[in-house]
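S.K.: Could you have a look at this structure, given as structure tokens, before my questions?
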Amino acid sequence: MSAGLTTAPAAAAARVRPRVPFGSVAAVAVAALTLVPLGFVLVASAGAGPAEAGALLFRARVGELLLNTVGLVLATTTACAVVGTAAAWVVVRTAVPGRPVWLALLAAPLAVPAFVNSYAWVSLTPAVEGFAGAVLITTLSYYPFVALPVAAVLRGLDPVHEESARALGLGPVAAVRRAVLPLLRPAVLGGALLVGLHLLAEFGALQMLRFPTFTTAIYDAYEATFAGPAATLLAAVLVLLCLVLLVGELRLAGRARLARVGSGAARLRPPRPLGRATPLALAGLAALVVLALGVPLGVLGRWLVEGSSTAFPLVELGAATLTTLGLAAGCAVLTTLLALPVAWVAVRRRGRLIRIVERSSFIGSSLPGIVVALALVTVAVRGLPVIYQTTALLLVAYAILFLPRTMVALRAALAQVPPELDDAARSLGVRPAGVLARVTLPLVARGLGAGSALVFLAVVTELTATLLLAPIGTDTLATEFWGHADAVAYGAAAPYAALMVLLSAPAAYLLTRRGIPEAVS
Amino acid sequence: MSGSGVVGGVGGPTGLSVAAVSASFGAVRVLHDVHLEVPPGSLTAVLGPSGCGKTTLLRIIAGFLRPDTGSVALDGHPVLGLPPERRRIGYVSQEGSLFPHLSVADNVGFGLPRRLRRTRRRVGELLELVGLGPDLADRAPHQLSGGQQQRVALARALAPEPRVVLLDEPFAALDASLRETTRHGVVSALATAGTTALLVTHDQAEALSVAGQVAVMREGRVVQVAPPAELYRRPADAAVAGFVGDAVLLPATVRAGRAESALGPLPVAGRPEDGPATVLVRPEQLVLRPATDGGATGEPIARVVATTFYGHDATVRLRLHHEADSNGHALPTVLARTPGHAAPAVGSDVRVEVDGNVTTVDGH
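Which chain is which? The protein sequence lines are A and B, in order. My numbering applies: residue 145 is where the first sequence begins, and numbers increase by one. My numbering applies: residue 1178 is where the second sequence begins, and numbers increase by one.
The structure is reproduced here in structure tokens:
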């Protein structure tokens, strides 16, 4: 067969295409937009002279922030890796009673934004303030990022590896350690890196626990001096930390070649009976679910019923809900439009430039919301004042932050549309626009819908960028909640939190169905 | 739809005509000065090994690739300036490439004008043409077998009444058992429709059995275009001889239309020049009889070195030695094909007789 020739990169280059590669131009433009925050941080920190930068960076306060941030990232990612892997193992591989229910509950904490979780714990006991409490609460909020991918890998794992190890003379524990755990490593590390990126970006949960990190300090500096050099330089350090994690992730992705070797379908394995360990496993899972889900929902319920400041201002609640839904829908449309050319180019074309374009859209979204917001505020105020304090600027920030959610879904969908289908349609007399309308779009509609749903639900719980960028008078569920909770009006905050949880629940469900963290980052 | 290839281009050449086409991917030349004429209403096979450029040629004709130089004409009209959708050239790929979101009926009707798409009659006719029942019309592509998918792909390609249908290894992905019946169904549908067709394949048996004309490609060049029987009997060179079937190539000396070789004096087809030459004998031309039978003196004797049994027939590897030749010259091994039930035992001696003419070939 000469199919080998036509699938070679060179053959792809010789494919007949329009003279102006519209898709590539649009993809490069989108990539440039997503790189604005990174560019801003580089330019602005370079602009602050070395003396000023030194004075602002080499302070006891910055040392404390660094210690807090790095300590939190190390402790929480480790805790998430252990808790998430153990929980996934028990739910997927053992015969623990009620496995489908536990599997759904494993992902359920994703429906509770970390800052709502934090609010619940703080209003229950002030003892959670500080490092230990921050590690506890962020672990409870973020362990699903490890548990879900590990569960997915465990589900798809062919028992043949473990059986081969046993046949080669290893005991059951050694077989798992040497033949199974290495296969889980990419999922565990990938999930842990994702947790790390979220921790670097976390603002609401840590501010409420009075645990200062770079993100909360940038917010405070912004409140005090707007986008001055203090905020910018702290942002530069934070970006540096993010890049360290990103490089780790890239190296991981490069090495993860653990696909099944050989042909034939993987067999399913029967779950391992737990025997006398059953009560222990049940108790562990129950404790996890009570702490991660029971506490925030219970406390929220209590505040809704009996808080002294509890009120149900229907007009404000309705307005905030409508604003939130409107922003979320707008952002879903915008990210879809931006993701289309990038995903198209990434799937159908090859080359170094294309890879850079695709990567850059992921880097932009890996930066904390506070950095993206700070960058857009400064760029808008200095360069394009008309868009400052507009909904458009807020939507752009959302798009930069959440683009990969649509991209990943769209990319996967487009990869299912082989170029041969285009050829077939063209040879049947259909023009390129007709091919798009009659073949490509119908086939990617599902992926587009899933990606949009994820963006929609991310916007609903976005706090940091919204606080900085929402035009005056634009109140979302998250900012209304934050205003009340920050003023210790816990009861008044409760209805907004409850609405956010309700709107987020479908996202958590979607994540259990897909089970892969790529939907999150 | 029948005969649409004959109607156009009054007075000019009809059918598909490829002239002086060259193409390259980057610095790599994949097609060198390719010429090919496909007569209207016929099925021509392009036969070649992997990477010989045959799929590239097909994709250039379809309009998915541009050649560096050369021309492609349909019924005398050049088509290289046209986008694929305006060439009226049907295309069936190796996987069929059915649209997964559409039913069988909607796939078949995809290239029809909107008004014809809605009436099911045309779709039903096309399904019947490729040997599929109307009950399949509402199925999704993934509910069909591979062979059914290829038949639907052909029905879809024939629907807009193309001037030529191009088939890119359409049977290669099918199981051996499905391949035969699907091939038969597709070829008879093409014949019924009277459509000019170009089939690309690396399977010599497929090319020889279905096509009226076979073009052999090698390293980007068309090395021979001939009807199947002529291609098999009189290949252009030794490589083609070996590519289209098993070949016994023997050094020989030609004198007055007879070749002196290790198999004795053999009658040569055509009018060969006198002198040293390489002759081609097909294994099935070798007739084996037990050596104890006795025979004409000088008839070569061979020892059976190995046999491979296929059921209907068997191949026998022989080492030649002459009864008279006792000075122990190394003589060539040759391959013979016998009916399966008549394969001689390994180690036994057989008398070898050659049935029919042999051919001289170049470049051994």
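The C-beta atom is built at its ideal place from N, Cα and C for all residues, glycine as well. These figures come from a predicted structure and were not determined experimentally.
Please list the residues of the stretch 1282-1294 of chain B that have a C-beta atom closer than 8 Å to any C-beta atom in chain A, keeping them in chain order.
M.R.: 1287 and 1288
S.K.: Please classify residue 346/A as buried or exposed, where buried requires at least 16 neighbouring CB atoms within 10 angstroms.
M.R.: Buried is the call here.
S.K.: Measuring alpha carbon to alpha carbon, tell me which of 1353/B, 1236/B and 1275/B ends up nearest residue 1316/B.
M.R.: 1275/B
S.K.: Report the CB separation of residue 290/A from residue 365/A in whole angstroms; it is logged as a contact under 8 Å.
M.R.: In fact, because the Cβ distance is near 32 Å, the residues do not count as touching under 8 Å.
S.K.: At a Cβ threshold of 8 Å, is residue 492/A touching chain B?
M.R.: no
S.K.: Of all the alpha helix (DSSP H) runs that stay within the bounds of the stretch 556-604 of chain A, which reach a length of 4 or more residues?
M.R.: 563-571, 576-579 and 585-604
S.K.: Look at residue 287/A and residue 342/A and say whether their C-beta atoms are less than 8 Å apart.
M.R.: no
S.K.: Is it true that the stretch 381-388 of chain A meets the stretch 512-527 of chain A, where meeting means three or more beta-carbon pairs spaced less than 8 Å apart?
M.R.: yes
S.K.: For a cutoff of 8 Å on Cβ pairs, would you count residue 1276/B as touching chain A?
M.R.: yes
S.K.: Determine whether the Cβ of residue 1194/B lies closer than 8 Å to any Cβ atom of chain A.
M.R.: So, not an interface residue.
S.K.: Can you list, in chain order, the residues of its chain with a C-beta nearer than 7 Å to that of residue 361/A? Leave out the 5 residues immediately preceding and following it.
M.R.: 209 and 378
S.K.: Would you say residue 573/A faces chain B, with C-beta separation under 8 Å as the test?
M.R.: yes
S.K.: Give me the DSSP bridge partner(s) of residue 1483/B.
M.R.: Listed as beta-bridge partners of residue 1483/B by DSSP are 1494/B.
S.K.: Identify every run of the beta strand (DSSP E) within the stretch 1351-1383 of chain B, keeping only runs that are complete inside it and at least 3 residues long; order them along the chain.
M.R.: Counting whole runs of 3 or more residues, the stretch 1351-1383 of chain B contains the beta strand (DSSP E) stretches 1373-1378.
S.K.: Where in the stretch 1239-1271 of chain B do unbroken runs of the beta strand (DSSP E), each at least 3 residues long, occur, reported from the N-terminal end onward?
M.R.: 1246-1251 and 1266-1269
S.K.: If residue 220/A and residue 283/A are in contact, beta carbons under 8 Å, what's the gap, nearest whole angstrom?
M.R.: Rounded, the Cβ-Cβ distance is 5 Å, consistent with contact.
S.K.: Could you work out which residue in 1312/B, 1428/B and 1309/B is closest to residue 1510/B when comparing CA atoms only?
M.R.: 1428/B
S.K.: Between residue 583/A and chain B, is the shortest Cβ-Cβ distance under 8 Å, so that the two count as touching?
M.R.: yes
S.K.: Can you give the Cα-Cα distance for residue 1233/B and residue 1310/B, rounded to whole angstroms?
M.R.: Rounded to the nearest angstrom, the two C-alpha atoms are 34 Å apart.
S.K.: Given a threshold of 16 other Cβ atoms within 10 Å of its Cβ, counted over all protein chains shown, does residue 1330/B qualify as buried or as exposed?
M.R.: buried
S.K.: Using beta-carbon positions only, say whether residue 483/A and residue 558/A come within less than 8 Å of one another.
M.R.: no
S.K.: Answer with buried or exposed for residue 1493/B, where buried requires no fewer than 16 other C-beta atoms within 10 angstroms of its C-beta.
M.R.: buried
S.K.: So what's residue 533/A in DSSP terms, helix, strand or just coil?
M.R.: In the structure shown, residue 533/A sits in coil (DSSP, three-state: anything other than H, G, I, E or B).
S.K.: Whose C-beta lies closer than 7 Å to the C-beta of residue 543/A among residues of the same chain, with five residues either side of it excluded?
M.R.: 475, 478, 479 and 482
S.K.: Do you know whose CA, among 325/A, 334/A, 533/A and 473/A, lies nearest residue 230/A's CA?
M.R.: Closest in alpha carbon position to residue 230/A, among 325/A, 334/A, 533/A and 473/A, is 325/A.
S.K.: Please name the residue in 257/A, 223/A and 532/A whose C-alpha comes closest to that of residue 608/A.
M.R.: 257/A
S.K.: Please state the DSSP three-state secondary structure of residue 418/A.
M.R.: coil
S.K.: Compare the C-beta of residue 496/A against all C-beta atoms of chain B and say whether one is closer than 8 Å.
M.R.: no
S.K.: Give the range of the alpha helix (DSSP H) segment to which residue 342/A is assigned.
M.R.: 325-345
S.K.: Taking the beta carbon of residue 1243/B as the centre, do at least 16 other beta carbons fall within 10 Å, making it buried, or is it exposed?
M.R.: exposed
S.K.: From residue 473/A to residue 215/A, what distance separates their C-alpha atoms?
M.R.: 37 Å
S.K.: Can you name the start and end residues of the beta strand (DSSP E) that residue 1196/B belongs to?
M.R.: 1193-1202
S.K.: Please list, in chain order, the chain A residues whose beta carbon lies closer than 7 Å to that of residue 1266/B.
M.R.: Chain-order list of chain A residues neighbouring residue 1266/B: 571, by C-beta distance under 7 Å.
S.K.: According to a CB-to-CB cut-off of less than 8 Å, which residues of the stretch 1235-1261 of chain B neighbour chain A?
M.R.: Those residues of the stretch 1235-1261 of chain B that come within reach of chain A (Cβ to Cβ, closer than 8 Å) are 1236, 1239, 1240, 1241, 1242, 1243, 1260 and 1261.
S.K.: Quick check on the burial criterion: 16 or more other C-beta atoms within 10 angstroms. Buried or exposed for residue 235/A?
M.R.: buried
S.K.: Using 8 Å as the cut-off, can you tell me whether the stretch 567-585 of chain A makes contact with the stretch 496-507 of chain A, which would need three or more C-beta pairs spanning the two stretches below that distance?
M.R.: no
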